[in-house]
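Asks:
Number of protein chains: 4
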Amino acid sequence: MKSSTKLPLTGLESPLSEMEQLVQDTCHRFAEEVLRPASAALDKMTPEEAVGAGSPFWEIMQHAQGLGLSVQAMLEMEPLERTRIMLIASEELAWGDGGLAGMILVNQMPGMYSALAGNLEMVAFCEGKLGCWGITEPDHGSDMIDPEGNLRAKDAPYGRPNCVARIEGDKIIVNGQKSAWVSGAITAQVCALYCHLEENGRTVPGVVLIVPLDLPGVTKGKPLDKLGLRSLNQGEIYFDNVEVPIAHLLAGPDQYADLVYHSLAEANVHVANLAVGLARAAYEHALDYAHQRKQGGQAIIHHQNVSYRLFHMFRKVEAARALVRRAAEYNATARQPALQGSIAAKVTATQTAFEVASEALQIFGGNGLTKEYQMEKLLRDARTCLIADGCNEALALKGGVLLVDRDKV
Amino acid sequence: MKSSTKLPLTGLESPLSEMEQLVQDTCHRFAEEVLRPASAALDKMTPEEAVGAGSPFWEIMQHAQGLGLSVQAMLEMEPLERTRIMLIASEELAWGDGGLAGMILVNQMPGMYSALAGNLEMVAFCEGKLGCWGITEPDHGSDMIDPEGNLRAKDAPYGRPNCVARIEGDKIIVNGQKSAWVSGAITAQVCALYCHLEENGRTVPGVVLIVPLDLPGVTKGKPLDKLGLRSLNQGEIYFDNVEVPIAHLLAGPDQYADLVYHSLAEANVHVANLAVGLARAAYEHALDYAHQRKQGGQAIIHHQNVSYRLFHMFRKVEAARALVRRAAEYNATARQPALQGSIAAKVTATQTAFEVASEALQIFGGNGLTKEYQMEKLLRDARTCLIADGCNEALALKGGVLLVDRDKV
Amino acid sequence: MKSSTKLPLTGLESPLSEMEQLVQDTCHRFAEEVLRPASAALDKMTPEEAVGAGSPFWEIMQHAQGLGLSVQAMLEMEPLERTRIMLIASEELAWGDGGLAGMILVNQMPGMYSALAGNLEMVAFCEGKLGCWGITEPDHGSDMIDPEGNLRAKDAPYGRPNCVARIEGDKIIVNGQKSAWVSGAITAQVCALYCHLEENGRTVPGVVLIVPLDLPGVTKGKPLDKLGLRSLNQGEIYFDNVEVPIAHLLAGPDQYADLVYHSLAEANVHVANLAVGLARAAYEHALDYAHQRKQGGQAIIHHQNVSYRLFHMFRKVEAARALVRRAAEYNATARQPALQGSIAAKVTATQTAFEVASEALQIFGGNGLTKEYQMEKLLRDARTCLIADGCNEALALKGGVLLVDRDKV
Amino acid sequence: MKSSTKLPLTGLESPLSEMEQLVQDTCHRFAEEVLRPASAALDKMTPEEAVGAGSPFWEIMQHAQGLGLSVQAMLEMEPLERTRIMLIASEELAWGDGGLAGMILVNQMPGMYSALAGNLEMVAFCEGKLGCWGITEPDHGSDMIDPEGNLRAKDAPYGRPNCVARIEGDKIIVNGQKSAWVSGAITAQVCALYCHLEENGRTVPGVVLIVPLDLPGVTKGKPLDKLGLRSLNQGEIYFDNVEVPIAHLLAGPDQYADLVYHSLAEANVHVANLAVGLARAAYEHALDYAHQRKQGGQAIIHHQNVSYRLFHMFRKVEAARALVRRAAEYNATARQPALQGSIAAKVTATQTAFEVASEALQIFGGNGLTKEYQMEKLLRDARTCLIADGCNEALALKGGVLLVDRDKV
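Residue numbers (numbering that gives the first Met the number 0), protein chains in the order written: chain A, 0 to 408; chain B, 0 to 408; chain C, 0 to 408; chain D, 0 to 408.
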């Protein structure tokens, strides 16, 4: 009997459909041959260099378009199959490099959110353009995920929004700024902008619109210098009386909270999935290293304490992937997505990625700390995910509010 | 917009098939109307009372036969559907009472293992009889899950097995004992016995056979008095020259390690699933209580710290269930089950059940500690699962060995 | 060279003074010869039996008086030495039995709090009497540790207190009840009562007084049936126009919050210390068992995974004890005790006790779950401590408020 | 009443002696005025720049000599007072910068180990020279902390040592290399070298000697480029027939295991203490930031979830410091130090530093990830400590072996 079973690329994976298998293979090859080699180089560059003319970044973005995963292509599939394909593809990309996989994801966000809003015209407009999601603001980090104000102290004022739109005739006029945490902002051509609306002399949440970033009045900050996911640029976008055609409006105040809910339910699952790819990469590196590194006359995989720790990494990666898939498949098939499920997936998978990256680094001993190996970068990338797309603590508070059964209180 | 979404009974569950839904409903009703009321009473009885003549135990076991979940019924389904049905059914039962759900499971083990061995005659023989799995021995707690000896120190002797069979003509003669940890032993009518074989003057692992427990020479110890899962009886079985017809043999030495592997891969997933049911019960009790209990003028579900903790319970229950399902579905569809997946599910789900039960109890404050509420029983039941069906630590060591890629070392 | 060093009874203990050593030895002997044998018996009794006429409880309480640790004796020492002696004594007692050590502690509380209030007359009055601390109320579990209302939602009403005193001439008249969580209530002769005061038609926090429990109008509930610390009785006290002489008043509204602060700072450290004793008992049992239990031909202490886990238990016990001592010694020498330190000690030590008890039980495998060994009782006792004397979560919220620097906000 | 108490610099600290207070103040000022400003700059330099001519490193090392903490000065104190002074001083330095505090520590190691060996001549020789501890080897990472071979598989060969000494007349001849993990190697003038001895044609553990690094035949690798503690240089030292006078010998084979034991017992406590300084710095930054950062109209310290998390950081820092002090004070006063205590302190404090740094970073939200704030550097520094001076897992395995009671097995 075989006491051990070799698992597929993505572990405890039931047989994939032919198309799923094809996408997985294609993305895996792209991750291995293109993303991984570029990844280490981009990590070492300054933020300016990484988005500069000579950076491999640009070629990779172009390459990624060729993967056939555009929003329009995706919309042709049934929701469940679309969801599965996106997750399978994205895990491979993140296995290659978390930051670049994140870039490929945020580029699609304006199109994805247009699709959520049912605006196919804007989907078409965004197709093929680099994108970003402009929601978080300097004075309203976690407030933006909470349009109902459930997380604020009861008598606490919201304070001034940093970015405000108003509607004048067939124009939306935008003023203010989004914070430095907008992923992909520096390289984006279009932005899915979520901001407050000035109406009758007061500002309310809110509007969602697609802003072409080459409009007059748009400027950008400098790219952020940060711990991890360094190949994913982040920075401010400033708006000075930017005039956007009304046709670019995806939602007004009546639909705002709903679109935030759906957008977050979508985004959280995808960020969770990137974290699964990171966690798996860390686990695989450690497993490989344990087969190669010898101490005391034998490969350390035969040291009981080492294989015990590897097992727990395997276990955590599988649990995280299982939850991400389950939450995503629920959302794809239910009448309404469950944001608490998406948050659960995001919190679990990012926490897993950080733990597994740290445990994997530990298997490398001192080598894990040096820039010669990939482990210290994976740790930095994974750590970043605990904050990206919503601090896990703020998300969990939001998730807690969603558990209240309004029929019972 | 609805800021919250009511989830189905089993959380982030994609639409069930009609049959799955029927089974879930039936088992849920049985759990609510039969298991829960009996559960508290059985917990307070002495072990002897709980299996005595006046105990509700017997009626429940008979009732359970009526659920239509016998091994023979299950074998008529496709493997994937069979697996899903069993998990869905079993989670509801464990939600009702972990110990009784465990009883219903172990009763089927002789039939299930006969099926794994491809012996339909023994499946038929076991049908309708209360059963148990006789594997663990007093001096070989975790050794029995490790027939290859991977977990033993290199030069450590195995020591004398406590139970040995030998084959004489068309009889298998069994002598010795199985340890007090055999679940269901006290009430079992048949036992799937896994033990060493005496052959040419030495004992080797091993044989598997179905032993009718009314044979001459079989006696039993007294039922164990223990912390949790008290409605699941456990105790020793002693064999004094017990003669079993050779037709009851499921596996000899050549198939032994293989059948242990498959049996464990099957059993671990099911125990994991019971733990999911326990964890969910604890979470639901805490969620309910948080809606009812008022402090400082409002239900404690509105205390931020309480709903934050509830969210993390929800998150863990979903992650555990997702992993159990994923591992089980992999095993149902792969050419060979992945034991490391089953172990991952067992370790994760039982650890989750213990954590969630403890966190849920904490929501009840002092009430959680009293016998008037269900929480302290759930904590005891959940704690028991960290050892039942293999200590989590021994299982994780075993799981670690299964990660070794023999082509690479 | 000796690769191992045998440590003193309490681990990494710097040399004790002669008196400290004497107290440790005396209490250790008492714990071993008296408390441990009674402990298992008391655990198995019903709550009524445990405080009934035939129970060993009464003799033990009398015996404990002979240890020379009364409040009056303690007050003769310098604060630092007094604190050290009490902790050293109490750890040994809790090592013997957590519940009985808790009883010995709560018996002294009325005297201790009288001393904190500077009322030596009441110290003398309480000397030699069994006591209890009546603070928690049915509708105000955690409110009582928060007289300033820092933990309540800003606009949430306090609601009706369950127990109210009013002052009439030279009498204090008490009406209402304290909740079932009052430790030692059933057997107490005196109670340190902390409750609201009715004054000018409204109730305010509060008053502290010493109530002799044989006064007319005092009745008691029945002893609580609970998970752990079963030798420590708990139950309600009801007050029906109970008249207490004004000389029994320890604090009025002006001193109330201050005395609650000091009482909690004192009590939390002592409960923390009991938890250290429990944790150490669990660790020692597991260490012993690992030397005796053989698997695979060798004592399991030689299984690397077992000794690794034992090391982490050792490490946690030492960290908990170190923190308890540090917090207590700070409080004994500082101008004002730091309640955040006491809470830190309580949360850390009780969490440690629960973790270590669970890990220790796991070393015993199946034996850990049976009533034949002490481990399942230790787990239950340790779990109870996470709620006793303040839920750890509520305490941590309180501790968080104490970190605010009022000069900076 | 004051509901909050301002604590001293090092938290729950009982009153310091006059000298302790003076040392703490001096070191705190040095840390604040010298180390912190240099720290960020050194972190951003390449490893070569950081030890290059223009680096602030050199001036700081010279400055540090002026703190009066040399080994010779320390030896004039009683062991307990010496230990306390060193810990108090070192925590402040690490609070300023972990890497530079580490440098100041490793510089003293040759002198400290000479003192442990009772060789005052070598203490004097090392005084005022930058030093390092040459023990770890490329093929023997954790082997060097285990001269008895307790952690190796029973039949596993040790393999070739990478560095070997032999004694010829009044010379010790050294050949081979120490690994890149030798802290301070690049800048060291003297090395406390621990290596195997060639004797009668075989190599045995081992010898300890003080090697002046300006001797012919000594060369060094290039400084390591690594995740954290970047101001602490690390690199290989190569020995090519280096001739060291026999007077530099601190221990031969008979004393070797003993000196390793004492050295490790000493070093582990000091590394633990550095981690306490790091953890405290992270906690203080987060506490400060929580007073300044406003969200929803109030400083986030008033957000219940934030102050709750801060409390747990406070609690962990105090527990780690308490354990480090307790272990160190035990070692300073016992007949023989308890290495298990030093390891417990190292594992606990470094794990605490990593957790607290990560939790503190999380309080900063996105700002925590940028290079503009100190948090991401603190996280990297803290992570490094889990491996520096012995992987925590290898140390815990070693600690487990030390728990075996040889009288009982």
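Glycine included, each C-beta is placed from N, C-alpha and C at the ideal position. Note that the structure is predicted; figures quoted are calculated from it, not measured.
In this structure, how does DSSP classify Trp180(B) when only helix, strand and coil are distinguished?
Replies: If DSSP states are grouped into helix, strand and coil, Trp180(B) belongs with coil.
Asks: Should Ala250(C) and Leu212(C) be called a contact, given that it needs their Cβ atoms to be closer than 9 Å?
Replies: Cβ distance not < 9 Å, so Ala250(C) and Leu212(C) don't count as in contact.
Asks: Short of 7 Å Cβ to Cβ, which residues in the region 324-339 of chain B face chain D?
Replies: If the cut-off is 7 Å between Cβ atoms, the region 324-339 of chain B has nothing near chain D.
Asks: Nearest to Asn330(B) by alpha carbon, out of Ser341(B), Arg320(B), Tyr112(B)?
Replies: Nearest of Ser341(B), Arg320(B), Tyr112(B) to Asn330(B), Cα basis: Ser341(B).
Asks: Excluding the 5 residues flanking Gly276(B) on each side, which residues of the same chain have their C-beta closer than 6 Å to its C-beta?
Replies: Excluding sequence neighbours, Gly276(B) sits near Glu90, Ala93, Trp94.
Asks: Would you mind stating whether Ala356(C) and Ala381(C) have Cβ atoms separated by less than 9 Å?
Replies: Yes, they are a contact pair.
Asks: Tell me, please, which residues DSSP counts as bridged to Cys162(B).
Replies: DSSP output for Cys162(B) lists Gly175(B) as bridge partner(s).
Asks: Quick one: what's got a C-beta closer than 6 Å to Asn391(D)'s C-beta in the same chain, skipping five residues either side?
Replies: Contacts found: Val346, Leu385.
Asks: Are any of the Cβ atoms in chain C nearer than 9 Å to that of Asp287(B)?
Replies: Closer than 9 Å: no.
Asks: Output needed for Ala50(C): all residues of its chain with C-beta closer than 8 Å, excluding positions within five of it in sequence on either side, in chain order.
Replies: The displayed chain sequence assigns Val, not Ala, to residue 50(C). Correct list, in chain order: Phe56, Ile185, Thr186, Pro222, Asn232.
Asks: Quick check: the region 54-70 of chain B against the region 28-44 of chain B, are there 3 or more CB pairs under 8 Å?
Replies: At 8 Å Cβ cutoff, the stretches touch.
Asks: What residues in the region 296-314 of chain B bring their beta carbon closer than 7 Å to a beta carbon of chain A?
Replies: Listed by position along the chain: Ala298, Ile300, Gln303, Ser306, Tyr307, Leu309, Phe310, His311, Phe313, Arg314.
Asks: Given Ser2(A), which residues of its chain have a CB within under 7 Å of its CB, disregarding the five upstream and five downstream residues?
Replies: With a pLDDT of 49 at Ser2(A), under the threshold of 50, the modelled position of this residue cannot be trusted; read the value that follows with caution. Around Ser2(A): no qualifying Cβ.
Asks: Starting from the beta carbon of Pro156(C), find every residue of chain B whose beta carbon is closer than 7 Å, and list them in chain order.
Replies: Result: Gly296.
Asks: What three-state label does DSSP hand Leu11(D) in the structure shown?
Replies: DSSP places Leu11(D) in coil when its eight states are reduced to three.
Asks: What is the DSSP secondary structure of Asp239(B), reduced to helix, strand or coil?
Replies: Asp239(B): strand per DSSP, three-state reduction.
Asks: Tell me the DSSP bridge mates of Arg201(A)?
Replies: Note: Arg201(A) sits in a beta bridge opposite Glu198(A).
Asks: For a contact meaning CB atoms closer than 9 Å, what does Asp224(B) contact in chain C?
Replies: Under the 9 Å cutoff, chain C gives Thr369, Lys370, Glu371.
Asks: Work out the CA separation of Val203(A) and Gly296(D) for me, nearest whole Å.
Replies: Near 17 Å, if we compare the C-alpha coordinates of Val203(A) and Gly296(D).
Asks: Does the beta carbon of Thr349(D) come closer than 9 Å to any beta carbon on chain A?
Replies: Chain A, which has no Cβ nearer than 9 Å to the Cβ of Thr349(D), makes this no.
Asks: Quick check on the burial criterion: 16 or more other C-beta atoms within 10 angstroms. Buried or exposed for Ile144(A)?
Replies: Buried, by the Cβ-count rule.
Asks: Are the C-beta atoms of Leu79(B) and some chain A residue less than 9 Å apart?
Replies: Chain A contact via Cβ: present.
Asks: Is there at least one Cβ from chain C nearer than 9 Å to His139(B)'s Cβ?
Replies: By this cut-off, His139(B) is an interface position.
Asks: Would you say Trp132(D) faces chain A, with C-beta separation under 9 Å as the test?
Replies: No, no contact with chain A.
Asks: Between which two residues does the alpha helix (DSSP H) containing Val346(C) stretch?
Replies: Taken as a continuous stretch (DSSP letters only), the alpha helix (DSSP H) holding Val346(C) covers 338-362.
Asks: Using only alpha-carbon positions, find the residue among Arg279(D), Leu208(D), Asn240(D), Leu263(D) that is nearest to Leu248(D).
Replies: Minimum Cα distance to Leu248(D) is reached at Leu208(D).
Asks: With 16 as the cutoff for other CB atoms within 10 Å, does Arg28(D) come out buried or exposed?
Replies: Exposed, because fewer than 16 other Cβ atoms sit within 10 Å of the Cβ of Arg28(D).
Asks: Where does Thr369(B) sit, in a helix, a strand or coil, going by DSSP?
Replies: Here Thr369(B) sits in strand by DSSP.
Asks: Report, in whole angstroms, the separation of the C-beta atoms of Phe124(A) and Gln176(A), which I expect to be a contact under 8 Å.
Replies: Incorrect: roughly 23 Å between the Cβ atoms, too far for contact.
Asks: Residue range of the alpha helix (DSSP H) that Gly227(D) falls in?
Replies: Element bounds for Gly227(D): n/a, residue is neither H nor E.
Asks: Can you list, in chain order, the residues of the region 382-399 of chain B whose Cβ is nearer than 8 Å to any Cβ on chain C?
Replies: So the list reads Arg382, Thr383, Leu385, Ile386, Cys390, Asn391, Glu392, Leu396, given in the order they occur along the chain.
Asks: Note down, in chain order, every chain A residue with its Cβ under 8 Å from the Cβ of Leu402(B).
Replies: What Leu402(B) touches in chain A: Ser3, Leu286, Ile300, Ser306, Leu309, Phe310, Phe313.
Asks: Give me the chain B residues within the contact set of Arg28(C), using Cβ-Cβ distance strictly less than 9 Å, ordered along the chain.
Replies: Within 9 Å Cβ-Cβ: nothing; Arg28(C) doesn't reach chain B, min ~30 Å.
Asks: Are Ile84(C) and Met102(C) closer than 9 Å when you measure CB to CB?
Replies: Result no, Cβ atoms of Ile84(C) and Met102(C) do not sit closer than 9 Å.
Asks: What are the uninterrupted segments assigned as alpha helix (DSSP H) that are 4 or more residues long and contained completely in the region 28-86 of chain C, given in chain order?
Replies: List check, alpha helix (DSSP H) in window: 35-43, 46-49, 56-64, 70-74.
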